[in-house]
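K.L.:
For reference, the structure I am asking about is given below.
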Amino acid sequence: MRILVKDLPASIGQVAEISGWLHKQRKLGGLNFINVRDRSGIAQVLIQDKGQAELLRGMQIGTVLKVSGEVTKDERAPGGVEIHEPKLEVLVPVTDVPPIEIDKPISHRSDNLDTLLDNRPLTLRNTQEQAIFKVQAKTLEAFREFFAENEFTEMNSPKLLAEATEGGAETFKLDYFGKTATLAQSAQFYKQMMVGVFERVFETNPTYRAEPSATTRHMTEYITIDAEMGFINFEELINVAGSCLISIANKVTKDCQAELALWNIQPTLLPDSPDKIPRLTITEIHEKFLEATKEDHTGEDDLAPAEERWVCEYAKENLGSEAVFVVGWPSQSKTFKFYHRKNNEDPAIAERADLLFKGVEITTLSMRENRYDVLVEQLKANGGEPENPGYAPLLSAYKYGMPPHGGWGWGLERTVQVMLGLNNIKEATLFPRDINRLTP
RNA sequence: GGGCUCGUAGUGAAGAGGCCUAUCACGCCUCCCUGUCACGGAGGAGAUCGCCGGUUCAAAUCCGGUCGGGCCCGCCA
């Protein structure tokens, strides 16, 4: 019966059977070492028998093997355990030489991204690549855990839509039985409608943007962690997002030590409570950045990427946090969406914040305007037509009782990208889609 | 969409007018090797230098075009 590589130490002295992929061979003549990889790790097998060694002649990395032999304690073996006097069975022979080596770190230089991504089915077998996506899975798990603890209900909204109504991003259009459908650019309206149902909802959903962006942090398809909650104010909303980041960072730090070590990641610096995550206004950041770099962005109603990187470094050095909430967004600006809520005391300011983490904008959160009449006004002011049938479901939810509410869209891949210090978001995506890439 | 940049064996790199019949490392093949773990040693195969055209006695190298990447900016998650 098969056991996993990770359980070998518990079987010392016994005959055990493992199955997996041939990951690496080191032949020393009468003494041959092979590494066998399964889902739990990599085991060393010592082959001395000539006949057994001969079974591997011509077998390439990736050959699927069943190996049974005596589990032996040996300080010289990695992990202190290896399999001796094995009986090998080739379950699936691989005789073609793989296009890429997977037993050592694969180049992540931007010039070589194509090789990394074109060969995804193989490059993902590399343990360092696997680590990225274990961290991503753990991050998702941490999100779900956080949402469960805070009584959010998980939802799923349609990605095939009749037309684009939210505005802002370009949408993909496709033929839908003779009509035109669009791919969802966000779950915004649906999660707001669901606030009227469950108060607190979240969704981990694919999001499609037809923006011709060519940067290290944009893709045409990515995963958004959407959350929306009712009966909350702006300060509370920010603190929930901050708590969420802290609990994710803590869980990943605790549960992914081996994976983080593979990428030489230092522990994340975050305060122990969300109210201690710095809040800086756009104006403050423009001014500090100007002072520090002599580069002037004052007066602009958004941050430049260089400012985002800089302010996170600044906060790390001076404020004990690698995360920063950017507040003080002007409501007279194209960054203001019609469903955003203006501050009651100062309507020139939107109740909106961006969460920057390790130099990248990972989340945008805002309070939503929950008053029907004001929403319709803002929609008109934004050039929208309330009569457009696309708004009907949302307006219906508003008309029949929407509490004060707010929420966020949180980029999963960007979060993992910065947690692992990766240069390009595509490195943190299994099968990325961007302006140039539709395969594999 | 704008600007800048890069395409050399399967992979990663060097070569920047003639020393190139293109170099190195990894991988692959053959042989040697009983404690390797980036094993080591000996030998071998593998590249019309992205493609098309031009300049030149001579082009991987210079020029133009083209195709395919990347980075930055705009925009955003």
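Position one of the first sequence corresponds to residue -14 (the working numbering), numbered consecutively onward. For every residue, glycine included, the Cβ atom is placed at its ideal position computed from N, Cα and C.
1. According to the neighbour-count rule (16 or more other Cβ atoms, all chains shown, within 10 Å of its Cβ), is G394 buried or exposed?
2. Is the segment 219 to 229 touching the segment 88 to 100, taking contact as three or more C-beta pairs under 8 Å?
3. Could you pull out every residue in the same chain whose Cβ sits closer than 7 Å to the Cβ of A333, ignoring the five residues on either side in sequence?
4. Rounded to a whole number of angstroms, what is the C-alpha to C-alpha distance between I250 and Q402?
5. Report, in whole angstroms, the separation of the C-beta atoms of K426 and S4, which I expect to be a contact under 8 Å.
6. Quick one: complete beta strand (DSSP E) runs, 3+ long, within the segment 189 to 218?
7. Return the CA-CA distance between F219 and E293, expressed in angstroms with no decimal places.
8. For N409 and S381, what's the separation of their Cα atoms in angstroms?
9. Less than 8 Å between the C-beta atoms of R194 and E130, yes or no?
10. If you follow the alpha helix (DSSP H) that I267 is part of, which residue opens it and which one closes it?
11. Closest by CA to R202, which one among G406, K119, T268 and I27?
12. Here's the rule I'm using: 16 or more other beta-carbon atoms within 10 Å means buried, otherwise exposed. How should K239 be labelled?
13. So the beta strand (DSSP E) G394 belongs to, where does it begin and stop?
14. Spell out a yes or no on whether the segment 160 to 175 and the segment 201 to 215 are touching, meaning 3 or more CB-CB pairs, one atom from each, closer than 8 Å.
15. In the DSSP assignment, find the alpha helix (DSSP H) that holds S381 and state where it starts and stops.
16. A308 and F342 look like a contact to me (Cβ under 8 Å); what is the Cβ gap, rounded to whole Å?
17. What runs of the alpha helix (DSSP H), each 4 residues or longer, lie entirely inside the segment 280 to 328?
18. What residues are listed by DSSP as bridge partners for G64?
19. Measuring straight from C-alpha to C-alpha, what distance separates I429 and R264?
20. Tell me whether S171 sits in a helix, a strand or coil according to DSSP, three-state version.
21. In angstroms with no decimal places, state the Cα-to-Cα distance between N303 and A277.
22. From the DSSP output, read off the bridge partner residues of I32.
23. With distances taken from CA atoms, which of L350, G26, R61 and R22 is nearest G47?
24. Once DSSP output is grouped into helix, strand and coil, what is the label at L341?
25. Going residue by residue through the segment 84 to 165, where are the continuous beta strand (DSSP E) segments of at least 3 residues, counting only ones entirely within it?
26. Can you tell me whether Q121 is buried or exposed, with buried defined as 16 or more other CB within 10 angstroms of its CB?
27. In terms of DSSP beta bridges, what is Q242 paired with?
28. Between G391 and L350, which are expected to be in contact by the criterion C-beta below 8 Å, what is the C-beta distance as a whole number of angstroms?
29. With DSSP as the reference, label T400 as helix, strand or coil.
30. Please work out which residues of its chain come closer than 8 Å, Cβ to Cβ, to N141, disregarding the five sequence neighbours upstream and downstream, and give them in chain order.
31. Closest to I267 by C-alpha separation, out of D260, D287, W248 and L415, would be which residue?
32. So what's M352 in DSSP terms, helix, strand or just coil?
33. Can you round the beta-carbon distance between L125 and L230 to whole angstroms, since I take them to be within the 8 Å contact cut?
34. Starting from the C-beta of S232, find all residues in its chain whose C-beta is less than 7 Å away, skip the five residues before and the five after it, and write them out in chain order.
35. Given that a residue counts as buried once 16 or more other Cβ atoms are within 10 Å of its Cβ, and exposed if not, what is V82?
36. Excluding the 5 residues preceding and the 5 following V186 in the sequence, name in chain order all residues of the same chain whose CB lies nearer than 7 Å to its CB.
P.N.:
This is what the structure gives:
1. What you label residue 394 is simply residue 409 of the first sequence in a count that begins at 1. Counting the other CB atoms within 10 Å of its CB gives G394 a total of 16 or more, which places it among the buried residues.
2. Taking 8 Å as the limit for Cβ pairs, the verdict is that the segment 88 to 100 does not touch the segment 219 to 229.
3. Within the first sequence, the letter at position 348 stands for residue 333. Cβ contact annotation for A333 (same chain, cutoff 7 Å, sequence separation greater than five): P315, S316 and Q317, in chain order.
4. Here residue 250 is taken as the residue at index 265 of the first sequence, counted from 1. Here residue 402 is taken as the residue at index 417 of the first sequence, counted from 1. Straight-line Cα distance between these residues: approximately 12 Å.
5. Outside the modelled stretch of the chain, which goes from -14 to 425, sits residue 426, for which no answer is possible.
6. If only uninterrupted beta strand (DSSP E) runs of at least 3 residues are considered, those enclosed by the segment 189 to 218 are 206 to 215.
7. Translated into the one-based positions of the first sequence, residue 219 becomes position 234. Translated into the one-based positions of the first sequence, residue 293 becomes position 308. Here the alpha carbon of F219 sits roughly 22 Å from the alpha carbon of E293.
8. For the purposes of this step, residue 409 is taken as residue 424 along the first sequence, with counting starting at 1. For the purposes of this step, residue 381 is taken as residue 396 along the first sequence, with counting starting at 1. Whole-angstrom Cα-Cα distance: 41 Å.
9. Numbered from 1 along the first sequence, position 209 holds the residue referred to as residue 194. Numbered from 1 along the first sequence, position 145 holds the residue referred to as residue 130. Between R194 and E130, the CB-CB gap reaches or exceeds 8 Å.
10. Taking the first sequence and counting its residues from 1, the one referred to as residue 267 is at position 282. Segment I267 to T278, the alpha helix (DSSP H) holding I267.
11. Position 217 of the first sequence, counted from the first residue, corresponds to residue 202. For R202, the nearest C-alpha among the options comes from G406.
12. Here residue 239 corresponds to residue number 254 of the first sequence, with the count starting at 1. The residue is exposed, with fewer than 16 neighbouring Cβ atoms inside 10 Å.
13. One-based indexing of the first sequence puts residue 394 at position 409. Residues H390 to G396.
14. Contact between the segment 160 to 175 and the segment 201 to 215 is present, because at least three Cβ pairs lie under 8 Å.
15. Stepping through the first sequence from its first residue, residue 381 is reached at position 396. Start and end: A377 to K384.
16. Reading the first sequence from its first residue, position 323 is the one you call residue 308. Reading the first sequence from its first residue, position 357 is the one you call residue 342. Yes, they are in contact, since the Cβ atoms of A308 and F342 sit about 5 Å apart, within 8 Å.
17. The segment 280 to 328 contains these whole alpha helix (DSSP H) runs: 290 to 303.
18. In the first sequence, the residue the question calls residue 64 occupies position 79. DSSP output for G64 lists no bridge partner at all.
19. Outside the shown range of the chain (-14 to 425) lies residue 429, about which nothing can therefore be said.
20. What you label residue 171 is simply residue 186 of the first sequence in a count that begins at 1. Coil at S171, not helix or strand.
21. Position 318 of the first sequence, counting from 1, holds the residue named residue 303. Position 292 of the first sequence, counting from 1, holds the residue named residue 277. Taking the straight line from one Cα to the other gives about 13 Å.
22. In the first sequence, counting from the first residue as 1, residue 32 sits at position 47. Per DSSP, N17.
23. Against the first sequence, residue 47 aligns to sequence position 62. Comparing alpha-carbon positions, the option among L350, G26, R61 and R22 lying closest to G47 turns out to be R22.
24. By 1-based counting over the first sequence, the position of residue 341 is 356. Three-state result, L341: strand.
25. Secondary structure remark: continuous beta strand (DSSP E) runs of at least 3 residues inside the segment 84 to 165, in chain order: 158 to 161.
26. If you number the first sequence from 1, residue 121 lands on position 136. Residue burial is scored here from C-beta neighbours: Q121 has at least 16 other C-beta atoms within 10 angstroms and is therefore classed as buried.
27. Position 257 of the first sequence, counted from the first residue, corresponds to residue 242. Answer is none; Q242 lacks a bridge partner.
28. On the first sequence, position 406 is the one that residue 391 refers to. On the first sequence, position 365 is the one that residue 350 refers to. That belief holds up - the Cβ atoms of G391 and L350 are roughly 7 Å apart, short of 8 Å.
29. Against the first sequence, residue 400 aligns to sequence position 415. T400: helix per DSSP, three-state reduction.
30. What you label residue 141 is simply residue 156 of the first sequence in a count that begins at 1. Hits under 8 Å: E188 and N190.
31. Within the first sequence, the letter at position 282 stands for residue 267. I267 has its Cα closest to that of D287, out of D260, D287, W248 and L415.
32. Residue mapping note: residue 352 aligns to position 367 of the first sequence, counting from 1. Note: M352 maps to strand in three-state DSSP.
33. Residue mapping note: residue 125 aligns to position 140 of the first sequence, counting from 1. Residue mapping note: residue 230 aligns to position 245 of the first sequence, counting from 1. No, L125 and L230 are not in contact; Cβ-Cβ is about 14 Å, not under 8 Å.
34. Mapped onto the first sequence, residue 232 falls at position 247. Taken in chain order, the residues that qualify are A127 and F131.
35. Within the first sequence, residue 82 is the residue found at index 97, counting from 1. Per the 10 Å Cβ criterion, exposed.
36. Along the first sequence, one-based indexing puts residue 186 at 201. Close CB contacts of V186 within its chain, under the 7 Å cut and outside five residues either way in sequence, are with F137, T138, M140, K176, M179, V180 and E213 (chain order).
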